[in-house]
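Visitor: For the record, the sequence lines run as chains A and B.
First residue of the first sequence? That's 1 in the UniProt record's numbering, and the numbers climb one at a time after it.
First residue of the second sequence? That's 1 in the UniProt record's numbering, and the numbers climb one at a time after it.
Idealized CB from N, CA, C, for every residue including glycine.
First the structure, which I've put down as structure tokens, then a few questions once you've had a look.
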Amino acid sequence: MEGYSKCPQLLDLIPKDKEWVVKRVEKTSHGLSEEKTLELRLGPPGGEWTITDNKNSSFGYNFTKSPWQQHQAMRQMPVMNESSQGCNNRVELQSAEKMKAFSPAPANNTAVPNSQKRNAPGPVVGWPPIRSFRKNNIASGSCSKLSSESPDVGPPKVSGPKPAENTGPRSLFVKINMDGIPIGRKVDLKTYDSYDKLSLAVDELFRGLLAGYLSQSDSCAGGMKDKEDREKGIGCLLDGSGEYTLVYEDNEGDRMLVGDVPWHMFVSTVKRLRVLKSSNSLHCPVEANREALSERVIELGRKATILR
Amino acid sequence: MLNYFPEEVLEHVFDFVTSHRDRNAVSLVCKSWYSVERFSREKVFIGNCYAVNPERVIARFPRVRSLTLKGKPHFADFNLVPPDWGGYVYPWIEAMAKHGINLEELRLKRMVVSDESLELLAKSFPNFKSLVLVSCEGFTTDGLAAIASNCRFLRELDLQENEVDDRKGQWLSCFPDSCTSLISLNFACLKGEVNAAALERLVARCPNLRSLRLNHAVPLDTLQKILTQAPQLNDLGTGSFVHDPDSETCGKLKNAMKKCKSIRSLSGFLDVNARCLPAVYPICTNLTSLNLSYAPGIYSNDLIKLICHCKKLERLWVCFFIKLIHYTYFFSGVPLSNQGLNWIMQILDTIGDKGLGAVASTCKELQELRVFPSDLYGVGNAGVTEEGLVAISAGCPKLNSILYFCQQMTNAALITVAKNCPNFIRFRLCTLNPTIPDAVTNLPLDEGFGAIVQSCKGLKRLSVSGLLTDQVFLYIGMYAEQLEMLSIAFAGDSDKGMLYVLNGCKKLKKLEIRDSPFGNVALLADVGKYETMRSLWMSSCEVTFGACKTLAEKMPRLNVEIINEGEEIEASPDDRHRVEKMYLYRTLVGPRRDAPDFVWTL
């Protein structure tokens, strides 16, 4: 989808032009308008998650510029920014009502005294205070491994995914189906050691099939152009930018986006793969109507509270 | 009267005085006590390696056997100190070798350790037994090979969170067959592989091995074999914990775990398949310490299942990860009902808190808790708020040490926590946004922290965060009588804040401040205070060159170091120029000679 970043972040898939806002039912919040319009945005109750561009730090923060820090050359980051930009993005959970002191328009906040001045602009070095060793060595999310354009989030220093030796069966065949193609394939995940390789393999696997299938179904339409398109392959599967998206079903039966977890973890939980046509991925393939969808969500919620 | 005791008696009595502070106090009583004490001291602790030099230490304590040294300032952990700042251990090892010190134990924190130093260490001290390196850097596995090869009586090799260059040599295979004395081996921070067979043989021939922490490269089936050989372990750090949970190997692992009845401390899981976790349930009932903070993505529900088995836990380090259901359920373009959406939001918002709730209801013996931010999926730390902290404080009355990263905090929560847990010795709170106000009232968090310091009379270490005015420092100065270490970031309004602390906290040893509006007035108000402290760090504050120079002139027994990075170093900067980073510390030996170009000692 156009405008999406390379990184298969969950919220990267919010189209730019759609503004979905959550309004929490219960708590009133300072200054937040009480409109009950039901637009959808993923965020904490009553608040919004903003996606910010943090090139320098995994935990960048947005602050208004403070007078006494003017001489510090720091970038001013936009607080409300609904398009995701770089692959290092961390979606910042900034509940607007709760962060009044820092939004560019703190009109409603009179309670906080001049301590607002101190807010540091831009991503902050060394905050939150986590030892660099810890930051570098906990296997982090997908971006740092997959994107070649994220120099600031270094690759995890833990030895990267390698073909499993002595850790279980020698092959792991899983089914893979693709939207629009009635016949599935099987891939051996043990022959790959990274998402990139898997993506390439899937591309090759289906390219021929797709070409064949398409030429069969629209024998008259198209000509050179279609043929070229078909042979171009199915594009990038992992970053939401191509026509197709790669998803999988895990050991708990849930459909998950490929690429979020470390490779080892993915291999140990994947049960089957699917290549979805991206325009489909925004629509629940099973539940197309509102009531059913809401009920499904409620059911999920109930399941999850079994965590207690 | 006491002067008539023969020295042997004094020495015998002093044997029972073990803490270095008590020993220091003893040595101040009179000349003869000083003399007896210094000849009998075997363990020397030096909190700042630049406060003194090796020659003086050796001269005073010729019988030293165990040396602990700390190098870089604490904020070096967060990239605020440039590399090559200093903290080299080599001169210490060299001096001790030269003077024939019978060194048996070396414990280093935040120091630069070269392979050369390790080689010299390994060859100079025939009775060397114990090497503990925490947050150090500068060495490779070649240095470790030297230690393994030469230290015939090595009991402890403990590497914690060091940056080590892995040379792919087989350092672990360098332990000779004659080495049977190992009690503790921790190489979790190493990136490279070790020879599995060599590791298994080493474990098999060291019957006294009590603590073993493996690195990521050690697979689960090696772990299983090791545990079968070492059921006497007290402390285990697993390496990779990934396998097919239905395999025979996992079954064998579970059985081996059942036989390890002495394991009290568990860590590692540097890569993990949560479905293998049940293999460790047999040891959970007796666990007192659990560190899962390096485990990637153990989802909260699996974590909770694990924790529910750990009723005797006293120490827990953890992150909370949320598993997000596929987005098709959210972004269908069809509005969800309010109720449905609320469910989702509540789940995301509180999954971490629910996890903490589970801890609170299970782990009644909990004393220390560290909750680190999770960053999977780039969603940020969605799950941990003030609710989790309140739940823990209510459920775990013995809690005395906490490090808590959270999305938000409230004064009400902190006040409740203060009431529930008056026993805090360490209280470190870190809001992910450093200047976030009270999530409900939008006020600063002054009152909340004020309640903490007022209630916790034994508080020794405090880190504050969130929106804070001078008021919080007034409280700290008034109430935190035992406070020894204080970390401040993005807080306060004026010099008054810093002054409250300097005037009030009589036992303050380490003060570190960043990005706060404290300036020259505060810095210079009581210059004598700094000689009672180990060190002061101020970065991105309002102090100027002129004030630092004044301070350095007045106090010859302080080193006032200015760190200039990336700027053109002018010959004589304007006195009114703000100082970006200043680190000052008391010292007996004047400016250090190993300071790099970008560090000026005024």
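1. Cα separation between Lys-312/B and Leu-486/B?
2. Given Cys-430/B, which residues of its chain have a CB within under 6 Å of its CB, disregarding the five upstream and five downstream residues?
3. Pick from Glu-163/B, Asp-142/B, Asn-162/B, Lys-129/B: whose alpha carbon is nearest that of Arg-152/B?
4. Distance check for Leu-502/B and Lys-529/B, CA to CA, integer angstroms please.
5. Could you tell me the distance, in whole angstroms, from the CA atom of residue 604/B to the CA atom of Arg-557/B?
6. In whole angstroms, what is the alpha-carbon distance linking Arg-56/B and Phe-139/B?
7. Can you list, in chain order, the residues of the segment 187-213 of chain B whose Cβ is nearer than 9 Å to any Cβ on chain A?
8. I'd like to know if Arg-131/A contacts chain B, where contact means its C-beta is closer than 9 Å to some C-beta of that chain.
9. Note down, in chain order, each residue of its chain lying with its Cβ closer than 6 Å to the Cβ of Val-132/B, except the 5 sequence neighbours on either side.
10. Counting C-beta neighbours from all protein chains within 10 Å, is the total for Ser-535/B 16 or more, i.e. buried, or is it exposed?
11. State yes or no: is the beta carbon of Tyr-583/B nearer than 9 Å to at least one beta carbon in chain A?
12. By Cβ distance below 6 Å, which residues in the same chain neighbour Gly-357/B in space, the five residues on each side in sequence not counted?
13. With DSSP as the reference, label Asp-575/B as helix, strand or coil.
14. Looking at C-beta atoms only, is the number of pairs between the segment 90-105 of chain B and the segment 72-81 of chain B that lie closer than 8 Å three or more?
15. Could you give the distance in angstroms between the alpha-carbon of Val-242/B and the alpha-carbon of Lys-364/B?
16. What's the C-alpha gap between Lys-271/A and Arg-210/B?
17. Could you tell me the boundaries of the alpha helix (DSSP H) in which Ser-27/B lies?
18. Can you check whether the CB of Ile-101/B is closer than 9 Å to the CB of Val-64/B?
19. Which of the three DSSP states, helix, strand or coil, is assigned to Ile-93/B?
20. If we define contact as Cβ-Cβ less than 9 Å, is His-326/B a contact residue for chain A?
21. Considering only C-alpha positions, which residue in the set Phe-175/B, Lys-554/B, Ser-124/B, Pro-126/B is nearest to Ala-145/B?
22. Considering only the alpha carbon of each residue, which of Thr-435/B, Gln-170/B, Met-582/B lies closest to Trp-127/A?
23. Does the beta carbon of Val-261/A come closer than 9 Å to any beta carbon on chain B?
24. In chain order, which continuous runs of the beta strand (DSSP E) of length 3 or greater are located wholly inside the segment 505-583 of chain B?
25. At 7 Å on the CB atoms, spell out the chain A contacts of Asp-165/B, in chain order.
26. Nearest CA to the CA of Arg-201/B: which residue from Lys-168/B, Ser-178/B, Lys-354/B?
27. Going straight from the alpha carbon of Val-13/B to that of Leu-306/B, what length do you get?
28. Short of 7 Å in beta carbon distance, which residues of its chain neighbour Asn-48/B, apart from the five on each side in sequence? Order them along the chain.
29. Helix, strand or coil for Arg-593/B per DSSP?
30. Among Asn-234/B, Gly-192/B, Cys-260/B, Lys-191/B, which residue has its Cα nearest to the Cα of Lys-225/B?
31. At the level of alpha carbons, what is the spacing between residue 608/B and Asp-165/B?
32. Take Phe-45/B and list the residues in its own chain whose beta-carbon comes closer than 6 Å to its own, dropping the five residues that flank it on each side.
33. With which residues is Tyr-244/A paired in a DSSP beta bridge?
34. Pull up the distance between the alpha-carbon of Val-417/B and that of Gly-388/B, whole angstroms please.
35. Is the CB of Asn-411/B under 9 Å away from at least one CB in chain A?
36. Might you give, ordered along the chain, the residues of its own chain that have their beta carbon closer than 7 Å to the beta carbon of Pro-278/B, omitting 5 neighbours on each side?
Guide: If we stick to the structure as given:
1. By 1-based counting over the second sequence, the position of residue 312/B is 312. By 1-based counting over the second sequence, the position of residue 486/B is 486. Going by the C-alpha atoms only, they are around 31 Å apart.
2. Position 430 of the second sequence, counting from 1, holds the residue named residue 430/B. Excluding positions up to five away in sequence, the list reads Phe-405, Ser-465.
3. Position 152 of the second sequence, counting from 1, holds the residue named residue 152/B. Among Glu-163/B, Asp-142/B, Asn-162/B, Lys-129/B, the Cα nearest to that of Arg-152/B is on Lys-129/B.
4. Residue numbering aside, residue 529/B sits at position 529 when the second sequence is read from its first letter. Residue numbering aside, residue 502/B sits at position 502 when the second sequence is read from its first letter. One C-alpha to the other measures close to 7 Å.
5. Since the displayed chain B opens at 1 and closes at 602, residue 604/B lies outside it and no answer follows.
6. Walking along the second sequence from the start, residue 56/B turns up at place 56. Walking along the second sequence from the start, residue 139/B turns up at place 139. Cα to Cα, Arg-56/B sits roughly 27 Å from Phe-139/B.
7. Cys-189, Lys-191, Gly-192, Glu-193, Ala-196
8. Mapped onto the first sequence, residue 131/A falls at position 131. Judged by the 9 Å Cβ criterion, Arg-131/A is in contact with chain B.
9. Your numbering for residue 132/B matches position 132 in the second sequence. Counting only Cβ-Cβ distances below 6 Å, and skipping sequence neighbours, we find Arg-107, Asp-158.
10. Start at 1 with the first residue of the second sequence, and residue 535/B comes out as number 535. Classification for Ser-535/B: buried.
11. Within the second sequence, the letter at position 583 stands for residue 583/B. No, Tyr-583/B lies away from the interface with chain A (no Cβ there is under 9 Å from its Cβ).
12. Numbered from 1 along the second sequence, position 357 holds the residue referred to as residue 357/B. Within the same chain, Gly-357/B has close Cβ partners Ala-391.
13. For the purposes of this step, residue 575/B is taken as residue 575 along the second sequence, with counting starting at 1. Of the three classes helix, strand and coil, the one that applies to Asp-575/B here is coil, per DSSP.
14. no
15. Reading the second sequence from its first residue, position 242 is the one you call residue 242/B. Reading the second sequence from its first residue, position 364 is the one you call residue 364/B. Straight-line Cα distance between these residues: approximately 30 Å.
16. Locating residue 271/A in the first sequence gives position 271, where the first residue counts as 1. Locating residue 210/B in the second sequence gives position 210, where the first residue counts as 1. Each residue's alpha carbon lies about 40 Å from the other.
17. Sequence index remark: in the second sequence, residue 27/B carries index 27 (1-based). Counting along the chain, the alpha helix (DSSP H) containing Ser-27/B begins and ends at 20-27.
18. Numbered from 1 along the second sequence, position 64 holds the residue referred to as residue 64/B. Numbered from 1 along the second sequence, position 101 holds the residue referred to as residue 101/B. Yes, Cβ-Cβ distance for Val-64/B and Ile-101/B is below 9 Å.
19. Residue mapping note: residue 93/B aligns to position 93 of the second sequence, counting from 1. Here Ile-93/B sits in helix by DSSP.
20. Position 326 of the second sequence, counting from 1, holds the residue named residue 326/B. Any reading at His-326/B must be qualified, since the residue scores a pLDDT of 33, below 50, and its modelled position is unreliable; no value is offered.
21. Within the second sequence, numbered from 1, the residue matching residue 145/B stands at position 145. The option with the nearest alpha carbon to Ala-145/B is Phe-175/B.
22. Translated into positions along the first sequence, residue 127/A becomes position 127. Ranking the options by Cα distance to Trp-127/A, first place goes to Thr-435/B.
23. Residue 261/A sits at position 261 when you count from the first residue of the first sequence. Closer than 9 Å to some Cβ of chain B, the Cβ of Val-261/A qualifies, so yes.
24. 510-514, 535-539, 558-563
25. Position 165 of the second sequence holds residue 165/B. Correct list: empty, because the minimum Cβ distance to chain A is about 11 Å.
26. For the purposes of this step, residue 201/B is taken as residue 201 along the second sequence, with counting starting at 1. Measuring from the Cα of Arg-201/B, the nearest candidate turns out to be Ser-178/B.
27. The residue you call residue 13/B lines up with position 13 of the second sequence. The residue you call residue 306/B lines up with position 306 of the second sequence. Rounded to whole angstroms, Val-13/B to Leu-306/B spans 47 Å at the Cα level.
28. Indexing the second sequence from 1 puts residue 48/B at position 48. Counting only Cβ-Cβ distances below 7 Å, and skipping sequence neighbours, we find Lys-70, Arg-534, Ser-535, Tyr-585.
29. In the second sequence, the residue the question calls residue 593/B occupies position 593. Coil at Arg-593/B, not helix or strand.
30. The residue given as residue 225/B occupies position 225 in the second sequence. Answer by Cα proximity: Cys-260/B.
31. Past the edges of chain B, shown from 1 to 602, lies residue 608/B, and the structure says nothing about it.
32. The residue you call residue 45/B lines up with position 45 of the second sequence. Cβ within range, chain order: His-20, Thr-68.
33. For this step, residue 244/A is matched to residue 244 along the first sequence. Answer is Lys-277/A.
34. Within the second sequence, numbered from 1, the residue matching residue 417/B stands at position 417. Within the second sequence, numbered from 1, the residue matching residue 388/B stands at position 388. Near 11 Å, if we compare the C-alpha coordinates of Gly-388/B and Val-417/B.
35. The residue you call residue 411/B lines up with position 411 of the second sequence. Not an interface residue.
36. Residue numbering aside, residue 278/B sits at position 278 when the second sequence is read from its first letter. Hits under 7 Å: none found.
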